[in-house]
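Structure first, then comments.
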Amino acid sequence: MEEKKNTINVVMLPWLAHGHISPFLELAKKLTTRNFHIYLCSTPINLSSIKKNVTKEYCESIELVELNLPSLPNLPPHYHTTNGLPHHLTNTLIEAFQNATPEFSKIVQTLNPDLVIYDLNMTWAAEFASSINIPAVQFLTFSIAMIVLCLHMFNKPGVEFPFPEIYMRQHEMLQMQKLAMENSKVNMKDAFMEAIRQSRDIILVKDFEKIIPIGSLVHDSIDQNDDQAIMQWLDKKEKGSSVLVSFGSEWFLSKEEIHEVAQGLELSKMKKISIHDVLPHGFLERVGERGMVLEKWAPQATILKHTSIGGFSMKFGVPIIAMPMCHDQPINARIVEHIGMGVEALRDENGKLQSQEIAKVIREVIIEESGEGVRKKTKELSEKMNMKGDEEIDGVVVELVALCNNK
Numbered sequence: 001m002e003e004k005k006n007t008i009n010v011v012m013l014p015w016l017a018h019g020h021i022s023p024f025l026e027l028a029k030k031l032t033t034r035n036f037h038i039y040l041c042s043t044p045i046n047l048s049s050i051k052k053n054v055t056k057e058y059c060e061s062i063e064l065v066e067l068n069l070p071s072l073p074n075l076p077p078h079y080h081t082t083n084g085l086p087h088h089l090t091n092t093l094i095e096a097f098q099n100a101t102p103e104f105s106k107i108v109q110t111l112n113p114d115l116v117i118y119d120l121n122m123t124w125a126a127e128f129a130s131s132i133n134i135p136a137v138q139f140l141t142f143s144i145a146m147i148v149l150c151l152h153m154f155n156k157p158g159v160e161f162p163f164p165e166i167y168m169r170q171h172e173m174l175q176m177q178k179l180a181m182e183n184s185k186v187n188m189k190d191a192f193m194e195a196i197r198q199s200r201d202i203i204l205v206k207d208f209e210k211i212i213p214i215g216s217l218v219h220d221s222i223d224q225n226d227d228q229a230i231m232q233w234l235d236k237k238e239k240g241s242s243v244l245v246s247f248g249s250e251w252f253l254s255k256e257e258i259h260e261v262a263q264g265l266e267l268s269k270m271k272k273i274s275i276h277d278v279l280p281h282g283f284l285e286r287v288g289e290r291g292m293v294l295e296k297w298a299p300q301a302t303i304l305k306h307t308s309i310g311g312f313s314m315k316f317g318v319p320i321i322a323m324p325m326c327h328d329q330p331i332n333a334r335i336v337e338h339i340g341m342g343v344e345a346l347r348d349e350n351g352k353l354q355s356q357e358i359a360k361v362i363r364e365v366i367i368e369e370s371g372e373g374v375r376k377k378t379k380e381l382s383e384k385m386n387m388k389g390d391e392e393i394d395g396v397v398v399e400l401v402a403l404c405n406n407k
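My numbering numbers the first residue of the sequence shown as 1 and each following residue consecutively.
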């Protein structure tokens, strides 16, 4: 009875993207093993995509709570997610999410949690929680380097960033400015700074008065019947001979970009698993058994644990071939290369992908002698990460418990 009494109840509100909901769910799983009860709040379409990942082990301590967005004629329920959302509807989705404040308020009042954990730029969620004396903490799913760079750019425009390894190229800056213009209804600087100010002296960072790193949040692989064909295909490949190619759920590659990536993969002669929209005519026939294409969210943890994978993720001791597209990806690519766990496939001076460069970097990272240092470094870092385990989560728990006790 005493243990139940001391349970900390938390409402989590991630942004409506799989790449945000997934780390929120993994954080929820880690917290539930430390006497937390989690209410994960999102739209029905998003919750349906993660329901299978809330296994029997967590079904009593993690509850999925539906957040219904206001009905809009050009935003039907299957578009209440960024996955497959046409780019021109992004602003509409942001607006609908913000307009769900009354619905979210009812949820919080009904559940009466000890804490609200919210995502990037959701000041409305933090403001409501604070208005009824519930502490709110922001959880940012990108790296601390990106946060520091943004703060520097906002607070000291025109002043050189003091860490030369962390930078954005001209074409990347232009792309960021273009995205900001397209999202003109939201002042990115004001929203970013206000969301930080609303966070109750703590910011959780995946990798302000107090910034708390929470470590790696890679979901455990869950055996699914749908994955058997992938595993059977990988079982036939040599150790370290395959590459996983994925660009996430929010970014649509142009036909030109898809062509360059596909051609680069073909030129590399490596085996590959690709997640795609449209591939060049004849690509699948030419690569034959050397390639597999998925048209859904891939079971990345399952794939990356397989011994035939030689390129993609550090968590599993696999070096990264970085092809940054947008948002925080360019900064992540710089960090990956700086610490020696990957190589970036450089674009041309106009920001265009180059198939020859992609092929060269893939072969360097996976098989050539020049990539041995990267492969060795990645394995070392992976071992260190796995040895540390959940040390960082223990620190998070201490801070969150203290925050709830002192509200």
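The C-beta atom is built at its ideal place from N, Cα and C for all residues, glycine as well.
Nothing here was measured: the structure is a model prediction, and the numbers come from that model.
Test item: CB-CB of residue i and residue j under 9 Å
i    : j    : result
E165 : P324 : no
G342 : I321 : yes
P14  : D114 : no
L67  : F104 : yes
P86  : I45  : no
L31  : I393 : yes
H80  : T43  : yes
P102 : C404 : no
I117 : Q98  : no
I132 : V108 : yes
Reduced DSSP category for residue i - H, G, I as helix; E, B as strand; rest coil
i    : result
D277 : The predicted position of D277 is uncertain, since its pLDDT is 49 and thus under 50; no value can be drawn from it.
A345 : coil
V159 : coil
H37  : strand
Y118 : strand
S242 : strand
M409 : No answer is possible for residue 409: it lies beyond the span of the chain, which begins at 1 and ends at 407.
S42  : strand
I62  : strand
L72  : strand
Boundaries of the beta strand (DSSP E) in which residue i is found, first to last residue
i    : result
Q138 : A136 to L140
A322 : I320 to A322
V54  : Here V54 belongs to no beta strand (DSSP E), and DSSP marks it neither H nor E.
Limits of the alpha helix (DSSP H) - the one that residue i falls within
i    : result
M387 : E372 to K388
H259 : K255 to S268
E364 : S355 to I366
A28  : H18 to T32
T409 : Nothing in the structure corresponds to residue 409, since the chain is present only between 1 and 407.
Rounded straight-line distance, which links the Cα of residue j to that of residue i
i    : j    : result
F128 : V401 : 21 Å
A145 : A100 : 31 Å
N53  : P157 : 43 Å
V261 : V245 : 9 Å
I303 : S61  : 28 Å
E357 : E238 : 24 Å
A96  : A17  : 14 Å
V243 : K407 : 48 Å
D348 : Q177 : 19 Å
R34  : N121 : 28 Å
P330 : M168 : 7 Å
G373 : I335 : 16 Å
I367 : K56  : 41 Å
E369 : K377 : 14 Å
T82  : D235 : 33 Å
heavy atom of the ligand FMN below 8 Å from residue i C-beta
i    : result
M146 : Annotation note on the ligand FMN: not contained in the displayed structure, which lists no ligands.
Segment contact, 8 Å Cβ cut-off, at least three pairs: the region 356 to 370 with the region 257 to 272:
yes
Any contact between the region 28 to 48 and the region 6 to 13? By contact I mean 3 or more CB pairs, one from each, below 8 Å.
yes
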